[in-house]
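**Student:** This note's numbering numbers the first residue of the sequence shown as 491 and each following residue consecutively.
To start, I am sharing the structure in question, which I have written as structure tokens.
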Amino acid sequence: MLYYHYWSRGFRGFIWFLLAFILIALMVKLDFAKGFDHAVIRFVQSMESPPLTALAKGLSLVGSSKLAVGISVLTMLILFFALKHRLELALFLWVGLGSQLLNTLLKLWFHRERPTIHRLIEQAGYSFPSGHSMAAFSLYGVIAYLLWRHMHSRSERFLLILFTVLMTGGIGWSRIYLGVHYPSDVIGGYAASGAWLMLSAACFEAYRNYKANPHHIKNARKK
């Protein structure tokens, strides 16, 4: 029954994130998100100041591909050599590489141009969904998932989730503040990566529990 519990919970999460992405994608495609996007951009950029600009550029750097690769390599080394978690390393690679490929395909599909309202930095490429947001959600999300499984203290888990939310949310905010993404790009990126992460975690838990209890699961299926 544990096998089905993990699969069901993860799969439900995947469905919810997928539905959210489909809704946002339709709003973008049909140009229904314009009013929301512009209102949020004006609100976020109305707070512009040198300290906030420095913070936004720093967070954007944290979400960049170069730093994400560095964090990923460090995580993989820890998983492989220090913790010897080979299966978890495979999940980490699967989530990260899959998210990157998914973002590339979605950008090519939607061909959405970046906002031109007020840019504080220049950024090439298409806009929807946000690559920084997808990378941040996938990277910090899968790290949080892997760490959560080995944490038992409520305070530790709370701090883990708080850090993950602040980092992921901060990186998304920075892209709006800097004028290189619409809010719908960021939210769409979160939804796309959330769907991919939940589906991957569901498959990981199902496979892990199947390997641990193959006979129990076969008997449960028969019943």
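No residue lacks a Cβ here, since even glycine has one placed at the ideal position from N, Cα and C.
(1) Check whether the stretch 681-688 and the stretch 504-520 are in contact - that is, three or more C-beta pairs closer than 8 Å.
(2) Go to residue 654, then tell me how far its alpha helix (DSSP H) extends in each direction, as first and last residue.
(3) Do residue 618 and residue 675 come within 8 Å of each other at the CB atom, strictly closer than that value?
(4) Would residue 553 and residue 626 qualify as a contact pair, given that the criterion is a beta-carbon distance under 8 Å?
(5) Using three-state DSSP, classify residue 520 as helix, strand or coil.
(6) Suppose you measure from the CA of residue 692 to the CA of residue 499; what does that come to, to the nearest Å?
(7) Once DSSP output is grouped into helix, strand and coil, what is the label at residue 504?
(8) Touch check for the stretch 660-677 and the stretch 593-610: three-plus C-beta pairs under 8 Å?
(9) Look at the Cβ atom of residue 575, then the Cβ atom of residue 569, and state whether they are nearer than 8 Å.
(10) Spatial neighbours of residue 579 within its chain, please: C-beta separation below 8 Å, excluding the five flanking residues on both sides.
(11) Just tell me which of 527, 698 and 546 has its CA closest to the CA of residue 639.
(12) Can the beta-carbon of residue 585 be found less than 8 Å from the beta-carbon of residue 632?
(13) I'd like the span of the alpha helix (DSSP H) that includes residue 621, first residue to last.
(14) What number of angstroms, rounded off, separates the C-alpha of residue 546 from the C-alpha of residue 700?
(15) From the DSSP output, in three-state form, read off residue 512 for me.
(16) Mind checking which residues open and close the alpha helix (DSSP H) that includes residue 594?
(17) Given this structure, state the Cα-to-Cα distance separating residue 648 from residue 634, to the nearest angstrom.
(18) So, helix, strand or coil for residue 528, using DSSP?
(19) Please classify residue 556 as buried or exposed, where buried requires at least 16 other C-beta atoms within 10 Å of its C-beta.
(20) Could you tell me how far apart the beta carbons of residue 630 and residue 657 are, in whole angstroms, since I believe they sit closer than 8 Å?
**Tutor:** So, to answer that:
(1) yes
(2) 644-667
(3) yes
(4) yes
(5) coil
(6) 7 Å
(7) helix
(8) yes
(9) yes
(10) 566, 569 and 570
(11) 698
(12) yes
(13) 621-638
(14) 44 Å
(15) helix
(16) 576-600
(17) 11 Å
(18) helix
(19) exposed
(20) 5 Å
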